[in-house]
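Trainee: The sequence shown begins at 221 in our numbering and counts up one residue at a time.
All C-beta atoms, glycine included, are put in the ideal place defined by N, C-alpha and C.
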Amino acid sequence: MFFRIPDWLRYEIRERLLPARRWINRQNPKIIIVITAASVFLLLVIVIWLLTPEKPLEQVEQSDKAWFYDLNTGQLFVGKDNQIPPIKAPSGPLRIESAAGPLREGGPAGIKAYVYSYAPEPNESNHFIGFLETSVPKEIMERLESTKPKVDRTEQWGYGRLVRRLKDKRWVPGDSDEGRAILKEFSLPNKTGESARYCPPE
Numbered sequence: 221m222f223f224r225i226p227d228w229l230r231y232e233i234r235e236r237l238l239p240a241r242r243w244i245n246r247q248n249p250k251i252i253i254v255i256t257a258a259s260v261f262l263l264l265v266i267v268i269w270l271l272t273p274e275k276p277l278e279q280v281e282q283s284d285k286a287w288f289y290d291l292n293t294g295q296l297f298v299g300k301d302n303q304i305p306p307i308k309a310p311s312g313p314l315r316i317e318s319a320a321g322p323l324r325e326g327g328p329a330g331i332k333a334y335v336y337s338y339a340p341e342p343n344e345s346n347h348f349i350g351f352l353e354t355s356v357p358k359e360i361m362e363r364l365e366s367t368k369p370k371v372d373r374t375e376q377w378g379y380g381r382l383v384r385r386l387k388d389k390r391w392v393p394g395d396s397d398e399g400r401a402i403l404k405e406f407s408l409p410n411k412t413g414e415s416a417r418y419c420p421p422e
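1. Report all residues from its chain with a CB closer than 6 Å to the CB of Arg384; omit the five preceding and five following residues, and keep chain order.
2. By Cβ distance below 8 Å, which residues in the same chain neighbour Pro342 in space, the five residues on each side in sequence not counted?
3. Can you tell me whether DSSP reads Leu263 as helix, strand or coil?
4. Name, in chain order, the residues that DSSP records as bridge partners for Gly330.
5. Tyr289 and Ala320 look like a contact to me (Cβ under 8 Å); what is the Cβ gap, rounded to whole Å?
6. Measure the alpha-carbon distance for Thr256 versus Leu263 and round it to whole angstroms.
7. By Cβ distance below 7 Å, which residues in the same chain neighbour Glu325 in space, the five residues on each side in sequence not counted?
8. Could you tell me if Trp287 is buried or exposed, where buried requires 16 or more neighbouring beta carbons within 10 angstroms of its beta carbon?
9. Under DSSP, the beta strand (DSSP E) around Phe353 begins and ends at which residues?
10. For Thr293, which residues in the same chain have their Cβ closer than 7 Å to its Cβ, ignoring the five residues on either side in sequence?
11. Short of 7 Å in beta carbon distance, which residues of its chain neighbour Phe406, apart from the five on each side in sequence? Order them along the chain.
12. Taking Asn302 as the reference, which of Thr354, Ala401 and Pro409 has the closest Cα?
13. Looking only at its own chain, which residues have a Cβ that is under 7 Å from the Cβ of Glu398, when we skip the five neighbours before and after it?
14. Please work out which residues of its chain come closer than 6 Å, Cβ to Cβ, to Val298, disregarding the five sequence neighbours upstream and downstream, and give them in chain order.
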């Protein structure tokens, strides 16, 4: 059963609203025009807002530069991001005292460095090297691929890469548990709850 407004209430509403309606119609017809125009304008604004396509999110520009670490001098230098380490370093070929693991004396001395900062507005004074990266030598990769089952792991980040912290002496595969543990260190907040931000070269 539908709710029915009592007769007395309908009469009361009509009696109270009728004088106001007559006053608007007779005395102030401009009010009706203003209200109508405002309603039409508001309707147009809503329709335009609903039909306007959303702007795509502003994409962060990818830097084509990357940090590299000179094993001979312990200094950072800038190279192209698409270069596969080891690459030529400003100090020249790798010296015997700097050679470690898969890197041999006389070869390129530049390896990739991942530079981070915990500061909200990072600058060179608060940068630090999170970890270093080089590639697995070609002959070792060929040997590994010939002995392991053929599995498509090329999309996996650490595949064919070796990583280590700056203080470490030993390189570990990037796709190993040890390698993933190194990468995870910089995805977690530090003791004060701050997250590390990657700082590409300018």
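Mentor: Straight from the coordinates:
1. Cβ neighbours of Arg384 beyond the five flanking positions: Leu352 and Trp391.
2. Once the five neighbours on either side are set aside, the close Cβ partners of Pro342 are Arg417 and Cys419.
3. helix
4. Asp290 and Ile307
5. Tyr289 to Ala320, Cβ: 12 Å. No contact.
6. 11 Å
7. Setting aside the 5 residues that flank it on each side, Glu325 is surrounded in the same chain by Leu314, Arg315, Ile316 and Ala319, each with a C-beta closer than 7 Å to its C-beta; the list follows chain order.
8. Counting every other CB atom within 10 Å of its CB across the protein chains shown gives Trp287 a total of 16 or more, marking it as buried.
9. Going by the sequence as given, residue 353 is Glu instead of Phe. It spans Phe348 to Ser355 - the beta strand (DSSP E) in which Glu353 sits, taken as one unbroken run.
10. Ser311
11. Tyr336, Gly350 and Ala416
12. Distance check between Asn302 and each of Thr354, Ala401 and Pro409 places Thr354 closest, using alpha-carbon atoms only.
13. Around Glu398, the same chain offers Val392 as residues with beta carbons nearer than 7 Å, after the five sequence neighbours per side are excluded.
14. Lys285 and Pro421
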